[in-house]
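> Encoded as structure tokens, here's the structure I'll be asking about.
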Amino acid sequence: MRTPFRSLLRSLPLLAVSATVAQVALTTEAVAQPSPDPRVGLKAGWFDAGTAEWNMKLVSTTKPSESFLNMSTPGDARLKNSDLAFSGNLVFQGNYSGWQVWDIANPRKPKLRTAMVCPGSQSDVTVYGNLLFVSAEAVAGRIDCGLTGVEAEVSKERARGIRIFDISDVAKPKSVAMVQTCRGSHTNTLVTDPKDPENVYIYVSGSAGVRSSEELAGCSALAPDVDPNSALFRIEVIKVPVKNPSAAAIVSSPRIFEGLGEAVRHGDAPSDRRERPAGSPARPSVAGRGPTQCHDITTYPAVGLAGGACSGYGILLDISDIKNPKRLYAAADTNMSAWHSATFSNDGSKVLFSDEWGGGTAPRCRATDKKEWGADAIFVRNGDKLDFKSYFKLPAAQTSQENCVSHNGSLIPIPGREVMVQSWYQGGVNVFDWTDPNHAYEIAYFDRGPMDATALVSAGHWSAYWYNGMIYGSEIARGLDVWELTPSEHISKNELEAAKLVKFAYFNAQEQPHFVWPAAFVVARSYTDQMARNTAVQKTWLSGVTTQLDAAEKAKGAARSTALNKLAAQLDQDAASNPESARVKALSAVVKDLAK
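As numbered in mature numbering (1 follows the signal peptide of the UniProt record, and there is no 0), residues -22 to -1, 1 to 574 make up the sequence shown, in order.
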């Protein structure tokens, strides 16, 4: 969502970046889809809007709890639902006025466990064990979660940073710490370190203005060359002792933007441009500088990397030392306006960055909007560099009454593929495959009509994530949606069953987990199903493989092991000459594990 900070930078040459150009691959539709697209022309409404779905099924919609619903004001800006975090059978849903906890033991009937009123802007949430971390950024937010706000320019009652709650009893959360930061917290990323199980770490991305040093000692809005302790051009790292969270504190403020100039970015679409009065002059200490903040950071501890969506850059970070992340590379792209979030491929070889052009409150998926703007940009890692490959954007045009742009999503654990679910605000939710970084394509979707047929009323899906077999979506105005994917020509039943084998005790999308599948026949058949979609694979060869696999599954004991080992040997021999060599090798590895 749009941040309260407005860039004051002027154009300067880019430093240490890779600039991409417009004449590149753009992928939106590469498979047969329903025609005409049923997402176009849906009936408007709040809880009675028209819907369209393809290859995914809505199984439940749960309205916000009473404390977070104002039936007299559709789209009440004070009650916007925001991001999601998961722990066991619970999903935590942020809101501009606090957060809610839903029991999803039965995803078809979520039950409210807690509704915590605690205003503080979008209330980004992450969870670990018995601790819940909530971002606070609003100037009016109070430490005590009170509703009276904070009017004084300087106040010790103001909460801007990270709230920490003890949720041992989720029905009675207790505030145990408030880690104050100079710019508040727009988003936060929880990071765990296997070498340091006694602590967890929080990367804080603050995008608000710098608070007064009278309110929080050490806060400075000057540039680093004027004041080395400037609160600009940095992130914060908070260390949280798991057994003593009240001792949480900032342990470093890495300046990951050092040496970067201002990235060249596009502005509004021509139809949206208006004559505006001249604004205040930029501060000389800041004008012409590079990024002063990240919007969001996705860490991938399994590969020791993070992807930072930071003002005009997509930044690749080395997080081998979690307390001191180091920038490896910064990619810039004139088609990217507001780098928003990042997702890695499971093997870490690719990175997808979303672009929240328009800040999430504007219609940016109209037929007149460029397909390269407000889209996803897909990169391939080349050592410590990032090479751009293509864009992907929601294929279905939305109306001028629907705020729409790329937003939060996560990978679905299908073996051998990068399949992702993503939210697009009032553009709905879709699932797409970006295994081939040059040719991403849509394979499932869900959409509703606009909130209002004549005016833009902010709503839609803030985030959509796969968690332990289902997809959960946080709808800004309508509550919590839950879907299940259905088998189709693009995702087989075996692939879905294999995905459901990957279970997590907790899930924060911005700390990306590594998918590992157990040895199972549905995992093996996921690879054969994928090869069956490739017309270059000899059908007689593939039929022989699946026949042997079926026979091995029916066998018992030593006979099964013998059959599987024989099949693995054949696969190893055939891999080099097969057009699906990588999948043949992956299949062989699964077959060998099954033989043990």
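We put the beta carbon where it would ideally sit given N, CA and C, even for glycine.
Which residues mark the beginning and the end of the beta strand (DSSP E) in which Lys304 is found?
Lys304 -> beta strand (DSSP E) spans Lys304 to Asp311.
> To which residues does DSSP link Lys217 through a beta bridge?
Answer is Tyr179 and Ala227, bridged to Lys217.
> For Ala114, which residues does DSSP report across the bridge?
In the DSSP output, where bridge partners are listed per residue, Ala114 has Gly139.
> State yes or no: is the C-beta of Ser401 within less than 8 angstroms of the C-beta of Trp440?
The answer is yes: Cβ separation under 8 angstroms.
> Pull up the distance between the alpha-carbon of Leu572 and that of Ala199, whole angstroms please.
Going from the Cα of Leu572 to the Cα of Ala199 covers about 60 angstroms.
> Just how far apart, CA to CA, sit Met314 and Trp77?
Going from the Cα of Met314 to the Cα of Trp77 covers about 31 angstroms.
> Sorted by chain position, which residues of the same chain lie with C-beta nearer than 6 angstroms to Asn472's C-beta, five sequence neighbours on each side aside?
So the list reads Val500, Arg503, Ser504 and Asp507, once near-sequence residues are dropped.
> Quick one: any contact between the region 219 to 233 and the region 313 to 333, if contact means 3 or more CB pairs under 8 angstroms?
No, they do not touch.
> With three or more C-beta pairs closer than 8 angstroms as the rule, is the region 331 to 342 touching the region 368 to 386?
Contact between the region 368 to 386 and the region 331 to 342 is present, because at least three Cβ pairs lie under 8 angstroms.
> Contact between the region 31 to 41 and the region 406 to 423: three or more CB pairs below 8 angstroms?
Result yes; three or more Cβ-Cβ pairs closer than 8 angstroms.
> Contact check, Leu549 vs Ser566 under 8 angstroms by CB: the rounded distance?
That pair is a contact at about 4 angstroms.
> Are residue 633 and Cys197 close, meaning C-beta to C-beta below 8 angstroms?
Outside the displayed span of the chain (-22 to 574) sits residue 633, for which this structure offers no information.
> Please report the straight-line C-alpha distance between Pro557 and Ala497, rounded to a whole angstrom.
Roughly 24 angstroms separates the two Cα atoms.
> For the alpha helix (DSSP H) containing Phe331, name the first residue and the last one.
First-last for Phe331: Lys328 to Asp333, but that is the beta strand (DSSP E), not the alpha helix (DSSP H).
> On the premise that Ser99 lies in contact with Ala83, defined as a C-beta separation below 8 angstroms, what is that separation, rounded to the nearest angstrom?
Not a contact, Cβ separation roughly 31 angstroms.
> Is Ala284 helix, strand or coil by DSSP?
Strand, per DSSP.
> Got a sec? Which residues, its chain only, sit under 8 angstroms from Ser559 by beta carbon, not counting five neighbours each side?
Correct list, in chain order: Ala553.
> Tell me the start and end of each unbroken alpha helix (DSSP H) in the region 484 to 567 that is at least 4 residues and wholly inside, in chain order.
Here the runs fully enclosed are 499 to 510, 517 to 532 and 535 to 552.
> With a threshold of 16 other CB atoms inside 10 Å of the CB of Arg511, please say whether the residue is buried or exposed.
By the neighbour-count rule (16 or more Cβ atoms within 10 Å), Arg511 is not buried but exposed.
> How big is the Cα-Cα spacing for Ile392 and Ala564?
Each residue's alpha carbon lies about 13 angstroms from the other.
> Apart from the five residues just before and just after Ile454, which ones in its own chain have a Cβ nearer than 7 angstroms to its Cβ?
Only Lys58, Asn59, Ser436, Ala437, Gly438 and Trp440 meet the Cβ criterion.
> Mind checking which residues open and close the beta strand (DSSP E) that includes Leu458?
Note, Leu458: beta strand (DSSP E), Gly457 to Leu463.
> Among residues of its own chain, excluding the 5 on either side of Ser38, which ones have a beta-carbon nearer than 6 angstroms to its beta-carbon?
So the qualifying residues of the chain are Arg86 and Val460.
> From what residue to what residue does the beta strand (DSSP E) around Lys367 run?
Element bounds for Lys367: Lys363 to Phe370.
> Could you have a look at Ala199 and say whether DSSP puts it in helix, strand or coil?
Here Ala199 sits in coil by DSSP.
> Apart from the five residues on each side of it in sequence, which residues of its chain come closer than 6 angstroms, Cβ to Cβ, to Gly447?
Excluding residues within five positions, the ones whose Cβ falls inside 6 angstroms are Lys478.
> I need the boundaries of the beta strand (DSSP E) containing Asn360, first residue and last residue.
Asp354 to Asn360 is the span of the beta strand (DSSP E), which, as asked, contains Asn360.
> Can you grab the Cα-Cα spacing for the pair Asp147 / Arg141, in whole Å?
The alpha-carbon atoms of Asp147 and Arg141 are separated by roughly 17 angstroms.
> Under the DSSP definition of a beta bridge, which residues are partnered with Leu57?
According to DSSP, which records beta bridges pairwise, Leu57 is partnered with nothing at all.
> Taking the beta carbon of Gly268 as the centre, do at least 16 other beta carbons fall within 10 Å, making it buried, or is it exposed?
Counting Cβ neighbours within 10 Å, Gly268 comes out buried, since at least 16 surround it.
> Classify Glu214: buried if its beta carbon has 16 or more other beta carbons within 10 angstroms, exposed otherwise.
The residue in question, Glu214, is buried, as its Cβ has 16 or more Cβ neighbours within 10 Å.
> In its own chain, which residues sit with a C-beta less than 8 angstroms from the C-beta of Gly257, not counting the 5 before and 5 after it?
Confidence at Gly257 is low in this model, with a pLDDT of 39, below 50, so the placement of that residue should be treated as unreliable; the coordinate-derived value is given next. None.
> Can the beta-carbon of Gln490 be found less than 8 angstroms from the beta-carbon of Tyr278?
It is a contact, given that the beta carbons lie within the stated cut-off.
> How about Thr40 and Gly427: are their beta carbons less than 8 angstroms apart?
No; because the gap between Cβ atoms is not below 8 angstroms, this pair is not in contact.
> Do you know offhand how far residue 620's Cα is from Gly337's?
Residue 620 is absent from the structure shown; the chain starts at -22 and stops at 574.
> Looking at Asp362: is its Cβ nearer than 8 angstroms to the Cβ of Leu306?
Cβ atoms of Asp362 and Leu306: closer than 8 angstroms.
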